[in-house]
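Take a look at the structure below.
In this note's numbering, the protein residues as written are 1 to 499.
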């Protein structure tokens with residue numbers, strides 16, 4: 001009896017030991033994975049301290065006024081209470097860490113400044129510092145004594161001067177925050193300063209009768225001090241974490257055929273000629289969605305008339321690789337895609353078993369009424385005739401992909417007020433409604449969800465124009481957006497300001 005009891009205890013001990021080891025192994029796997037994202041303890045930050053400028057990597061074509069702006073830069077301060085770099089600061093820092101491939105992250109930025117590889121290469125830790133409103137900065141950890149980050153197109157490299165930030169600096173930043181808060185509370189126009197960037201595509205025909213698209217950005221800005229303002233520029237201006245980028249396409253016809261070349265570059269360090277990408281299998285495509293880090297294309301084959309879709313990472317365009325559903329939504333997304341495809345096939349009179357040969361990268365993003373939707377399609381040949389079935393996919397993304405902001409008023413209420421409405425957007429503070437109909441963009445006041453009777457503004461657009469990008473900002477950054485737009489070549493617009 002004792003021998004059996006001894007064996008039982010021994011077996012239980014071995015099981016418990018193996019379980020503990022398995023847990024340890026799983027923990028090690030998790031901590032080493034390159035997609036690890038976590039919120040660090042502010043009081044144990046490895047980047048906390050006072051940092052002295054060691055070097056600046058500057059692109060050759062950087063504007064002289066930006067160079068002058070940072071000619072006397074010397075210090076960067078970071079603690080669990082404050083972060084300060086030049087005129088940028090916050091007293092409410094939040095931190096997130098990621099372990100990433102540096103080369104992939106800065107591929108397009110470093111195209112014009114090869115020297116970045118002197119400091120940033122391989123894999124490492126990136127700290128994201130933000131206060132959720134005005135301050136955002138990605139910081140590369142080079143080693144325990146060196147960090148670097150991009151701002152205004154410049155790579156700033158710092159070495160640690162102290163593990164602490166002086167009480168005087170902390171107090172100074174907090175005083176600046178108090179002063180700014182006081183100004184915001186007493187100046188009504190700052191509190192209600194709102195800007196919206198809309199990306200619009202317009203269909204055209206080339207000399208061969210083939211379709212292509214041109215793109216433009218429309219900025220709407222409104223505060224209590226001024227009448228609403230509206231500007232329009234060529235191409236798509238998108239605010240990203242590394243600053244403003246310009247995205248667009250060139251439609252080219254020559255001896256090699258017809259193709260659409262996408263360009264994407266930072267306004268601070270790049271240019272259109274050095275950032276051109278031939279994407280898609282057929283090279284004839286148009287932008288159907290643009291977000292801060294991704295672009296979705298509709299890809300068209302002029303010969304077969306087949307259409308497919310593709311979503312690309314803006315930081316990896318040179319790879320010419322679509323994101324797959326597995327990248328976007330994991331195994332659950334794969335199953336959802338299969339289920340949606342099966343529904344389409346079962347509802348079709350066509351006898352075709354396509355479920356074993358699905359293209360999991362044939363996925364796009366389109367706007368319908370008040371939201372962005374994931375879409376795909378099936379191209380089928382029946383008696384030599386092309387039949388295409390397009391369908392939505394109810395994916396739950398596991399990556400930051402869609403800038404999804406639902407309307408603060410019901411879509412039915414918008415359609416009741418404006419029966420011709422095609423699309424609509426509401427500001428983050430729920431005070432402004434932007435509506436698109438067949439030939440206008442209209443702006444309305446919103447008060448407790450009630451749409452004003454009179455529009456703030458109306459601007460003429462083309463009947464077949466479609467919105468493919470929408471980005472809101474509130475507060476002081478609205479001025480930055482307007483100044484950035486005004487520094488580009490303005491396209492005249494027909495518009496009416498009501499009041």
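Just so it is clear, CB atoms sit at the ideal spot from N, CA and C, and this is done for glycine as well.
Quiz item: Which same chain residues, not among the five before or five after residue 214, have their C-beta less than 7 Å away from its C-beta?
Solution: For this step, residue 214 is matched to residue 214 along the chain shown. So the list reads 202 and 204, once near-sequence residues are dropped.
Spatial neighbours of residue 391 within its chain, please: CB distance less than 6 Å, with the 5 preceding and 5 following residues excluded, ordered by chain position.
Taking the chain shown and counting its residues from 1, the one referred to as residue 391 is at position 391. So the list reads 340 and 344, once near-sequence residues are dropped.
| For the beta strand (DSSP E) that contains residue 260, what are its first and last residues? | Walking along the chain shown from the start, residue 260 turns up at place 260. Start and end: 257-266.
> Buried or exposed: which applies to residue 305, given that a residue is buried once 16 or more other Cβ atoms fall within 10 Å of its Cβ?
Replying inline: Position 305 of the chain shown holds residue 305. That one is exposed.
- [ ] Please state whether DSSP places residue 58 in a helix, a strand or coil.
- [x] Here residue 58 is taken as the residue at index 58 of the chain shown, counted from 1. In this structure, residue 58 counts as coil in the three-state DSSP scheme.
Rounded C-alpha distance that separates residue 68 from residue 158:
Looking up residue 68 in the chain shown gives position 68. Looking up residue 158 in the chain shown gives position 158. Answer to the nearest angstrom: the Cα atoms are 19 Å apart.
What are the start and end residues of the alpha helix (DSSP H) that includes residue 483? Here residue 483 refers to the residue found at position 483 when the chain shown is read from its first residue. 477-486 is the span of the alpha helix (DSSP H), which, as asked, contains residue 483.
Item checked: Buried/exposed call for residue 35, threshold 16 Cβ in 10 Å -> The residue given as residue 35 occupies position 35 in the chain shown. Note on residue 35: pLDDT 42, under 50, position unreliable in the model; no value is reported.
Note to self: Measuring alpha carbon to alpha carbon, tell me which residue in 424, 384 and 379 is nearest residue 372.
What the structure shows: Taking the chain shown and counting its residues from 1, one reaches residue 372 at position 372. Closest by alpha carbon: 424.
Practice item. For residue 388, I'd like the list of residues in its chain whose CB is within less than 8 Å of its CB, leaving aside the five on either flank, ordered along the chain. Key: Locating residue 388 in the chain shown gives position 388, where the first residue counts as 1. Correct list, in chain order: 306, 307, 377, 378, 379 and 380.
Spatial neighbours of residue 386 in its chain, beta-carbon cut-off 8 Å, leaving aside the 5 residues before and after
If you number the chain shown from 1, residue 386 lands on position 386. Excluding five sequence positions before and after residue 386, the CB atoms of its chain that fall closer than 8 Å to its own CB belong to 304, 305, 306, 379 and 380, given in chain order.
Rank 406, 179, 251 and 407 by C-alpha distance to the C-alpha of residue 210 and give the top, closest one. Translated into the one-based positions of the chain shown, residue 210 becomes position 210. Here the closest residue by C-alpha is 251.
If contact is defined by three or more beta carbon pairs under 8 Å, each pair taking one atom from either stretch, is the region 439-449 in contact with the region 159-169?
no
For a minimum of 4 consecutive residues, which ranges assigned as the alpha helix (DSSP H) are wholly contained in the region 302-349?
325-347
Worksheet entry | Same chain only: Cβ atoms within 8 Å of residue 396, ignoring 5 sequence neighbours per side | Start at 1 with the first residue of the chain shown, and residue 396 comes out as number 396. For residue 396, where only same-chain residues beyond five positions count, the Cβ hits under 8 Å are 329, 332 and 333.
Grouping DSSP H, G and I as helix and E and B as strand, with all else coil, what is residue 174?
What you label residue 174 is simply residue 174 of the chain shown in a count that begins at 1. Note: residue 174 maps to helix in three-state DSSP.
(message) Below 8 Å, how does it come out for the region 87-106 and the region 121-129: are there three or more Cβ pairs, yes or no?
(response) As far as the Cβ criterion goes, the region 87-106 touches the region 121-129, which means the pair count is three or higher.
As a quick exercise: from 81, 45, 468 and 298, pick the residue whose alpha carbon is nearest that of residue 364.
Position 364 of the chain shown, counting from 1, holds the residue named residue 364. That would be 298, whose Cα lies nearest to the Cα of residue 364.
Pull the bridge partners of residue 127 from the DSSP assignment, please.
To locate residue 127, count along the chain shown from 1; it is residue 127. Looking at the DSSP assignment, residue 127 forms a beta bridge with 97 and 139.
Please name the residue or residues paired with residue 148 in a DSSP beta bridge. If you number the chain shown from 1, residue 148 lands on position 148. DSSP, once it has assigned bridges, lists 140 and 157 as partnering residue 148.
Is there contact between the region 171-178 and the region 79-94, where contact requires at least three CB pairs shorter than 8 Å? yes
In chain order, what residues of the same chain have a beta carbon less than 6 Å from the beta carbon of residue 198, not counting five sequence neighbours either side? Reading the chain shown from its first residue, position 198 is the one you call residue 198. Result list for residue 198: 218, 467 and 470, in chain order.
| said: Going by DSSP in three states, residue 52 sits in which element: helix, strand or coil? | reply: Along the chain shown, read from residue 1 onward, the residue named residue 52 stands at position 52. Strand.
- Message: Give me the residue from 119, 155, 73 and 72 with the minimum Cα distance to residue 57.
- Response: Within the chain shown, residue 57 is the residue found at index 57, counting from 1. Among 119, 155, 73 and 72, the Cα nearest to that of residue 57 belongs to 155.
- Query: Just the Cα atoms here: how many angstroms apart are residue 231 and residue 224?
  - Reply: Here the question's residue 231 lines up with position 231 in the chain shown. Here the question's residue 224 lines up with position 224 in the chain shown. Each residue's Cα considered, the two are about 18 Å apart.
- Could you check which residue in 220, 248 and 120 has the C-alpha nearest to that of residue 289? Residue 289 sits at position 289 when you count from the first residue of the chain shown. Out of 220, 248 and 120, 248 has the C-alpha closest to the C-alpha of residue 289.
inquiry  = For a cutoff of 8 Å on Cβ pairs, would you count residue 478 as touching chain D?
reply    = Absence of chain D from the displayed structure is noted, only one protein chain being present.
*In this structure, does DSSP put residue 366 in helix, strand or coil?*
Locating residue 366 in the chain shown gives position 366, counting from the first residue. It is a strand residue.
From 63, 66 and 84, pick the residue whose C-alpha is nearest to that of residue 50; which is it? By one-based count along the chain shown, residue 50 stands at place 50. Of the candidates 63, 66 and 84, the one whose C-alpha sits nearest the C-alpha of residue 50 is 84.
ask   = In this structure, what does DSSP give as the bridge partners for residue 287?
value = Residue numbering aside, residue 287 sits at position 287 when the chain shown is read from its first letter. Partner(s): 297.
Starting from residue 423, trace the beta strand (DSSP E) in both directions and tell me its first and last residue.
Looking up residue 423 in the chain shown gives position 423. Here the beta strand (DSSP E) through residue 423 covers 423-426.
Residue range of the unbroken alpha helix (DSSP H) whose run includes residue 202: To locate residue 202, count along the chain shown from 1; it is residue 202. For residue 202, no alpha helix (DSSP H) encloses it; the enclosing beta strand (DSSP E) starts and ends at 194-205.
Presumed contact (8 Å Cβ cut-off) between residue 327 and residue 314, rounded CB distance
Within the chain shown, residue 327 is the residue found at index 327, counting from 1. Within the chain shown, residue 314 is the residue found at index 314, counting from 1. Contact flag wrong, Cβ pair sits at about 14 Å.
Quiz item: Along the chain, where does the alpha helix (DSSP H) that runs through residue 64 open and close?
Solution: Residue 64 sits at position 64 when you count from the first residue of the chain shown. Residues 64-69.
**Prompt:** Around the C-beta of residue 148, are 16 or more other C-beta atoms found within 10 angstroms, so that it is buried, or is it exposed?
**Reply:** Position 148 of the chain shown, counted from the first residue, corresponds to residue 148. Buried, since its Cβ has 16 or more Cβ neighbours within 10 Å.
Work out the CA separation of residue 480 and residue 87 for me, nearest whole Å.
The sequence position of residue 87 within the chain shown is 87, counting from 1. The sequence position of residue 480 within the chain shown is 480, counting from 1. Approximately 14 Å between the Cα atoms of the pair.
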